[in-house]
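Colleague:
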Amino acid sequence: VLFAVTFLCKNASQAVQELAKWGVRFHRERNGKITQRFFGAATYRRACFFGDYTGKEILRVLVNQIVQRHIRFKSEVYIFSLLHAHGVVNGALGLDIRTGTIIVFHAKVVLLATGGHSRMFMRSSSRFWENTGDGISLAYHVGAHFMDMEMFQFHPTGMLFPKEAEGLLVTEAVRGEGGVLTNNRRERFMKKYDSQRMELSARDVVARAIYTEVQEGRGTKRGGVWLDISHLPKSVILKRLPQMYQQFKQYVHIDISQQKMEVAPTAHYSMGGVFVNHMTGETTVSRLFALGEVTSGVHGANRLGGNSLAEIIVFGKLTGRGIARHVKKMQFIPLDDALLMKEERHFTQNILSLKGRDPLQVKEDIQSFMWKCAGVVRHKKYLTYALQQLTKYQNISLITGSSLRNNEKLIASLDVRNMLPTCDMILRSALYRTESRGAHYRSDYPQLDQKWRKNVMCIPTKKGILISSRRVLKIPKEIQTYLRLKPRTHLLE
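If you read the sequence shown in my numbering, its first letter stands for residue 71, the second for the next number, and so on.
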């Protein structure tokens with residue numbers, strides 16, 4: 071992991087330059103250099119950006135590159151099972167959501183690039199239909215190993231209302247541009263929690279500060295606090311934060327250049343996930359690769375803003391090149407017909423059920439107790455309660471109907487199937503780590519404990535999940551040198 075962190079740092083700048091060459095419209099200074107802004111807990115101005123929707127801009131350019139290269143892809147397919155033979159992953163089963171057809175994918179290798187699992191929680195920055203732990207579940211059911219599943223980041227600022235916008239991200243760029251947080255007493259409360267970095271403290275610090283203000287009665291009626299950027303000229307807001315301006319106009323009909331935003335923590339990013347060799351993307355299962363937020367390791371216990379995009383660009387290129395180089399020499403492993411029939415039979419008999427609980431309600435129930443019991447602040451009592459509640463859902467039947475086409479309950483049923491092992495590992499890992507570190511905060515163990523400078527491992531077995539730990543390696547001297555350097559302004563060429 072430490073070598074991967076070093077590799078990421080050394081190659082991120084080149085990755086930004088390549089994106090710019092392909093057409094990403096990064097904000098630039100008058101001298102042509104790419105502008106960099108502060109993000110939370112950053113010592114340097116290091117986040118390159120395009121307004122406040124940098125990810126969307128990068129996606130636009132990458133999709134254009136796909137089109138130019140005539141790369142084929144299938145969209146709106148829900149992968150619900152990985153195929154394997156002789157201990158090797160060799161394909162996948164998917165449901166075409168538009169037609170209701172089950173599709174068999176026969177492949178030399180499979181790469182999981184499914185994103186995270188923030189929809190385990192009631193309030194999430196993800197859209198309602200994504201990040202329900204599908205990548206984690208797929209890897210789990212073929213025996214992959216996992217690491218640091220307890221390390222989940224709650225972004226300090228998400229929208230509170232209306233219901234369709236609950237949890238929607240209020241980007242860190244707002245605070246990076248000078249946004250100020252206040253409670254219902256009009257106090258700039260971050261002075262109490264981090265008097266030096268204030269609103270630009272680490273995400274976990276700001277999230278817990280907001281949580282504390284609300285719990286102690288200094289929050290808004292809806293359970294949030296105020297974020298104010300109205301001291302900036304409207305022209306600057308429209309240039310630097312156009313998406314946030316439109317988002318609050320659309321959902322709550324306020325002008326953020328004139329009015330405050332009401333915000334609260336929201337489930338945002340999973341630092342834990344599938345255990346991989348980041349230099350190759352290999353998992354512990356033969357021919358199964360993983361990349362990005364579905365993996366663990368690079369971001370430690372608390373990811374810094376901007377690093378997720380850097381990670382997927384740098385390691386996406388590295389992993390893609392490696393797979394392309396080796397896949398030419400590989401032979402297809404024949405499909406296991408008996409397994410294929412078993413998986414299809416399980417899907418039609420167990421998933422397409424006419425009896426049982428409503429999966430939409432079950433999904434909501436799980437998200438609710440995960441938010442209350444394993445959210446910003448955790449405690450043994452509530453983690454244990456959540457694990458007991460989760461156990462009740464392990465073997466229940468869910469009503470989905472008999473149709474494979476356009477069935478909302480069918481999709482929810484598949485989501486619940488993915489959420490169960492994902493939540494199980496989050497809760498067990500959170501109980502196992504009896505300290506507070508990074509984004510993982512235990513109110514019954516509020517201090518950092520150097521004895522716990524370890525990674526928590528989850529290994530699926532026939533008897534259940536085996537929890538263990540492994541020591542984190544010492545920080546290399548090269549990185550220690552950089553940590554001692556004084557801050558300075560730096561702009562990319």
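Glycine included, every Cβ here is placed at the ideal spot set by N, Cα and C. Remember, it's a predicted structure, so these values are computed and weren't measured experimentally.
#1: Going by beta carbon distance, what residues of the same chain come within less than 7 Å of Y321, once the five residues before and after it are set aside?
#2: DSSP state of A408, grouped into three classes?
#3: According to the Cβ coordinates, are R278 and V86 closer than 8 Å?
#4: In terms of residue numbering, what span does the alpha helix (DSSP H) encompassing S538 cover?
#5: Please state whether DSSP places P303 in a helix, a strand or coil.
#6: In the structure shown, what three-state DSSP assignment does L457 receive?
#7: Express the C-alpha separation of Q223 and R507 in angstroms, rounding to a whole number.
#8: Between Q459, E286, K330, which lies nearest to D298 when the distance is taken from Cα to Cα?
#9: Taking C493 as the reference, give the member of C118, T454, Q84 with the closest Cα.
#10: Are the region 299-319 and the region 344-357 touching by the rule of at least three beta carbon pairs closer than 8 Å?
#11: Pick helix, strand or coil for W199, following the three-state DSSP scheme.
#12: Would you check if there are 3 or more beta carbon pairs closer than 8 Å linking the region 383-391 to the region 186-198?
#13: Is it true that the CB of G164 sits closer than 8 Å to the CB of F175?
#14: Near V94, what residues of its chain come up, given a Cβ to Cβ distance below 7 Å and the 5 sequence neighbours on each side ignored?
#15: If contact is defined by three or more beta carbon pairs under 8 Å, each pair taking one atom from either stretch, is the region 73-92 in contact with the region 337-353?
#16: How is the beta strand (DSSP E) around M349 delimited, first residue to last?
#17: Rounded to a whole number of angstroms, what is the C-alpha to C-alpha distance between E563 and Q135?
#18: From the DSSP output, which residues share a beta bridge with I173?
#19: Let's test the definition: count the other Cβ atoms within 10 Å of the Cβ of F143 and tell me whether it reaches 16, buried, or not, exposed.
#20: When DSSP builds the beta bridges, which residues end up paired with D298?
#21: In the DSSP assignment, find the alpha helix (DSSP H) that holds H396 and state where it starts and stops.
#22: Counting pairs of Cβ atoms below 8 Å between the region 166-173 and the region 450-466, do you hit three or more?
#23: Give the DSSP bridge partners of L153, in chain order.
#24: Since I believe A337 is in contact with S195 (beta carbons under 8 Å), could you give me their beta-carbon distance rounded to a whole number of angstroms?
#25: For a quick check, are the C-beta atoms of A509 and N372 less than 8 Å apart?
#26: Can you list, in chain order, the residues of its chain with a C-beta nearer than 6 Å to that of E146? Leave out the 5 residues immediately preceding and following it.
#27: At what residues does the alpha helix (DSSP H) containing L181 begin and finish?
#28: Alpha carbon to alpha carbon, how far is M440 from R100?
#29: Measuring alpha carbon to alpha carbon, tell me which residue in Y315, I549, A482 is nearest F198.
#30: Near V384, which residues of its chain fall below 8 Å by C-beta distance, leaving aside the five closest residues on each side in sequence?
#31: Using only CA atoms, which one of G534, K547, D218 lies nearest to V344?
#32: Between the region 521-531 and the region 252-260, can you find at least three pairs of beta-carbon atoms closer than 8 Å?
#33: Near S513, what residues of its chain come up, given a Cβ to Cβ distance below 8 Å and the 5 sequence neighbours on each side ignored?
#34: I believe A334 touches G293 by the beta-carbon criterion, under 8 Å. Please report the beta-carbon distance rounded to the nearest angstrom.
#35: Among residues of its own chain, excluding the 5 on either side of R503, which ones have a beta-carbon nearer than 7 Å to its beta-carbon?
#36: Grab me the residues of P226's own chain with a C-beta within less than 7 Å of its C-beta, minus the 5 sequence neighbours each way, in chain order.
Modeller: In short:
#1: M229, P232, A235
#2: helix
#3: no
#4: Premise fails: S538 lies in the beta strand (DSSP E), 534-541, not in any alpha helix (DSSP H).
#5: Residue state for P303 is assigned as coil, using DSSP reduced to three classes.
#6: helix
#7: Each residue's alpha carbon lies about 11 Å from the other.
#8: K330
#9: Just measuring C-alpha positions, the residue of C118, T454, Q84 sitting nearest C493 is T454.
#10: no
#11: Taken through DSSP and simplified to helix, strand or coil, W199 comes out as coil.
#12: The region 383-391 is not in contact with the region 186-198.
#13: The answer is yes: Cβ separation under 8 Å.
#14: Only F120, E127, I128, V131 meet the Cβ criterion.
#15: yes
#16: In the DSSP assignment, M349 falls outside any beta strand (DSSP E), carrying neither H nor E.
#17: At E563 the pLDDT is 46, less than 50, meaning the model places this residue with poor confidence; the figure from the coordinates comes in the next sentence. Whole-angstrom Cα-Cα distance: 23 Å.
#18: G164
#19: exposed
#20: Under DSSP, the beta-bridge partners assigned to D298 are V250.
#21: 377-397
#22: no
#23: Beta-bridge partners of L153 (DSSP): G161.
#24: Between S195 and A337 the beta-carbon gap is near 7 Å, inside 8 Å, which marks them as a contact.
#25: yes
#26: I167, R168
#27: Unbroken run through L181 is the beta strand (DSSP E), 180-182; no alpha helix (DSSP H).
#28: Approximately 48 Å between the Cα atoms of the pair.
#29: Answer by Cα proximity: A482.
#30: F77, L78, N81, A82, A85
#31: D218
#32: no
#33: V447, R448, H449
#34: 6 Å
#35: E220, H510, W522, V526
#36: R273, V276, A277, I280, P335
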